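Here's the structure, in structure tokens; my notes come after.
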Amino acid sequence: MLAKGWVRRSHSSYGAPVLFAPKPNGALRMCVDYRALNDQTVKNPYPLPRIDDLYDKLSGARVFSAIDLQSAYHQVRLKPEDIPKTAFLTPFGHFEYMVLCFGLSNAPATFQAVMNEVLGDLIGTICLVYLDDILIYSKSEAEHAHHLELVLQRLREHKLFASLPKCHFAVHETAFLGHIVSAEGVRPDPKKVSAVANWPVPRDLPELRRFLGLSNFFRKYIRGYTTLVHPLTALLAKDVPFRWSSECQAAFVELKRALTTAPVLRLPDFSKPFEVVADACATGTGAILLQDDQPVAFEGKKLTPAERNYTTTEQELLAVVHAFSVWRCYLEGATGVTVITDHRPNSFFATQPLLSRRQCRWQEFLSRFHFSWEYRPGRTNVADPISRSPAFLNLVTTVAIALRNRDVPAAMSSHVPAAVPAPSPPAAEAPSEEAMLDAPADNGVDAQDPAYAESEILRDIQHGYTVDPYFANASAQGLSFEDGLWYHGDAIAVPNHADLFMRLLHEFHDAHYSGHVGGNRTLQALQRHYWWPNMKPFVLQYVKGCAICQQNKASTRKKGSRGHAAALH
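The sequence shown: position 375 = 375 (full-length UniProt numbering), numbered continuously.
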């Protein structure tokens, strides 16, 4: 460093400690602990680009070159008056930097400003720049040769040198900022994902935070990321002891699996229309941004305690509002946008004469976008599994969708159920007190392996069809059969078996994530996904007899004083 002119011996009154960090190639990188200096530094507000915004510029590109500058920070000289402030202490003496170095709080902003000044008008048209990483993109090889020459000429003029072993020229896919970019789209870099896939089970909060920080970097590739990591993020809450439960382990394993099987996200083409597919459940919302039936982005949101009290219609609207808020950069000013929902009342939202204040705010926000509504049943709505937690939140619905929709194009296909004439099915009897007492207890742990739990309930329902005479004859009036399941409209028809009814009621009413809501709300939630004859009185009687609800229900009787009570006798 002395020979290269990067540092010199110092007589400064400053002196920061030194430590070493390993590089990926096994070498050591010297780092100076400038925390004390940074505390006294006036921060440079110059912005760094948003990584997600950079990828949106690559639509239509087919040829790429990636350039990595060599010792990039050290190619920028410091002002003479600032050099003494960078002094550091080593066993070999007192030194100070003459060039920009790692550890200074303003170093990233300063270097980004330098690169923006150097490449200026080329950024966003033929190249992208994030600190010392440069990506050149073109639609053809001939065009790319010219673009590459322009960028290299700018670097030469400003005497900025690249590291040849780290550069890739005129390739059809390359790594850039932790992702692989190609003509097909963007996907996670396998080298980065392997770090998550091989991550050991966290033993304490610091290890959990590091894991979540890394996995969060790839959240846009994961359907329902928010609900997926909910058991893990719950451990970060204040005054919550760190206990690694089976539910946490299931979420941990599922998150790593989702990362290793992440799809390629299509690059947005602003000349084509977008589709927003949104859905909601009791604990979260989910949405997919599509073009030509291919995913551009996934988004999910965990519902707050207040939002969990919204009606079903409001939760479904919230899913749409949140999606438009996150993807405003794509949808604002775009034409031909279609919002696909599995909740029919949403399609009439714009013409509703009476709205609450909250709904008025949502309507005002959505009015800035040009879009139309399209209703599709839940079975063909690909956002449905995003809003549901993998930890068995809505049981069979997710399974049915997963079986039907192995990929997005298949999921977007519509289905017209065929009616089969048949006799009427037997009505389900209301649950007895004994059956309600034997219902699964809500012990706060509903954390089976999601794949196992889903396949188990699906197998039981399909087995129930074989023993229920109504389904065994394959002649259910008004029902349609698809992928091993009978449907009543958009809802899965459940065989006449008390155990299945009680298990579904446990999940939609008793489970800790269902919240022991009232009879009508439990019925609404069930009816969105399941059906059996005489369902309403069965559900209402079950909720009415729930011991936990009775204990926690607020009394509607007026509280009289003891004097009043005595006067009555």
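Here a beta-carbon is modelled for each residue, glycine too, at the ideal position from N, C-alpha and C.
Nothing here was measured: the structure is a model prediction, and the numbers come from that model.
Can you tell me where the alpha helix (DSSP H) with residue i in it begins and where it stops?
i, result
"residue 519", "519–527"
"residue 149", "141–157"
"residue 206", "205–216"
"residue 371", "Run containing residue 371: none in the alpha helix (DSSP H); it sits in the beta strand (DSSP E), 371–375."
"residue 197", "190–197"
"residue 228", "225–228"
Between the Cα of residue i and those of the options, spot the shortest distance and give me the residue it belongs to.
i, options, result
"residue 610", "45, 48, 22 and 14", "Examination of residue 610 is not possible in this model, given that the chain is present from 1 through 569 alone."
"residue 11", "68, 97 and 76", "97"
"residue 85", "93, 71 and 101", "101"
"residue 187", "217, 522, 75 and 270", "217"
"residue 292", "240, 195 and 184", "184"
"residue 82", "57, 49, 60 and 41", "41"
"residue 365", "353, 354, 489 and 326", "326"
"residue 39", "93, 50 and 103", "103"
"residue 136", "160, 333 and 171", "171"
"residue 262", "321, 233 and 179", "179"
"residue 145", "63, 195, 478 and 240", "63"
"residue 239", "266, 205 and 253", "205"
Looking only at its chain, what residues have a beta carbon closer than 8 angstroms to the beta carbon of residue i, apart from the 5 residues adjacent to it on each side?
i, result
"residue 504", "395, 494, 526 and 530"
"residue 440", "With a pLDDT of 44 at residue 440, under the threshold of 50, the modelled position of that residue is not reliable, and no figure is offered here."
"residue 307", "315 and 318"
"residue 78", "86, 97, 98, 99 and 100"
Grab me the residues of residue i's own chain with a C-beta within less than 6 angstroms of its C-beta, minus the 5 sequence neighbours each way, in chain order.
i, result
"residue 168", "66 and 174"
"residue 336", "273"
"residue 468", "495 and 496"
"residue 16", "32, 33, 34 and 88"
"residue 56", "268"
"residue 561", "With a pLDDT of 44 at residue 561, under the threshold of 50, the modelled position of this residue cannot be trusted; read the value that follows with caution. Once the five neighbours on either side are set aside, residue 561 has no close Cβ partner at all."
"residue 148", "65 and 136"
"residue 60", "139"
"residue 109", "44 and 46"
Roughly how many whole angstroms lie between the Cα atoms of residue i and residue j?
i, j, result
"residue 116", "residue 129", "8 angstroms"
"residue 154", "residue 176", "21 angstroms"
"residue 70", "residue 105", "21 angstroms"
"residue 328", "residue 370", "12 angstroms"
"residue 459", "residue 344", "30 angstroms"
"residue 142", "residue 483", "50 angstroms"
"residue 385", "residue 113", "With a pLDDT of 44 at residue 385, under the threshold of 50, the predicted position of this residue should be treated as unreliable, though the coordinate-derived value follows. Using only the alpha carbons, I get a separation of about 43 angstroms."
"residue 300", "residue 162", "40 angstroms"
"residue 75", "residue 219", "34 angstroms"
"residue 548", "residue 342", "32 angstroms"
"residue 193", "residue 52", "17 angstroms"
"residue 312", "residue 545", "24 angstroms"
"residue 223", "residue 550", "37 angstroms"
"residue 54", "residue 258", "24 angstroms"
"residue 227", "residue 283", "8 angstroms"
"residue 322", "residue 532", "34 angstroms"
"residue 357", "residue 320", "17 angstroms"
"residue 324", "residue 266", "18 angstroms"
"residue 296", "residue 537", "44 angstroms"
"residue 132", "residue 486", "57 angstroms"
I need the boundaries of the beta strand (DSSP E) containing residue i, first residue and last residue.
i, result
"residue 65", "63–68"
"residue 253", "Unbroken run through residue 253 is the alpha helix (DSSP H), 246–260; no beta strand (DSSP E)."
"residue 295", "294–302"
"residue 288", "284–291"
"residue 30", "28–32"
"residue 175", "173–176"
"residue 324", "Premise fails: residue 324 lies in the alpha helix (DSSP H), 312–326, not in any beta strand (DSSP E)."
"residue 56", "No beta strand (DSSP E) contains residue 56, which DSSP labels as neither H nor E."
"residue 499", "Note, residue 499: premise wrong, no beta strand (DSSP E); alpha helix (DSSP H) at 498–505."
"residue 364", "Looking at the DSSP string, residue 364 is not in any beta strand (DSSP E); the run it does join, the alpha helix (DSSP H), is 357–366."
"residue 221", "Neither: residue 221 is in no beta strand (DSSP E) and is coded neither H nor E."
"residue 22", "18–22"
"residue 135", "133–138"
"residue 8", "7–9"
Quick check: does the Cβ of residue i come within less than 7 angstroms of any heavy atom belonging to the ligand NAD?
i, result
"residue 177", "The ligand NAD is not among the ligands present in this structure, which contains no ligands whatsoever."
Between which residues of its own chain and residue i is the CB-CB distance below 7 angstroms, once the five residues before and five after are set aside?
i, result
"residue 464", "495, 497 and 500"
"residue 375", "341, 344 and 347"
Report yes or no: is there a C-beta of chain C within less than 8 angstroms of the C-beta of residue i?
i, result
"residue 77", "Protein chains in the displayed structure number just one, and chain C is not present."
* Whole beta strand (DSSP E) elements within the segment 78–130, 3-residue minimum -> Whole beta strand (DSSP E) segments, 3+ residues: 88–90, 93–97 and 127–130.
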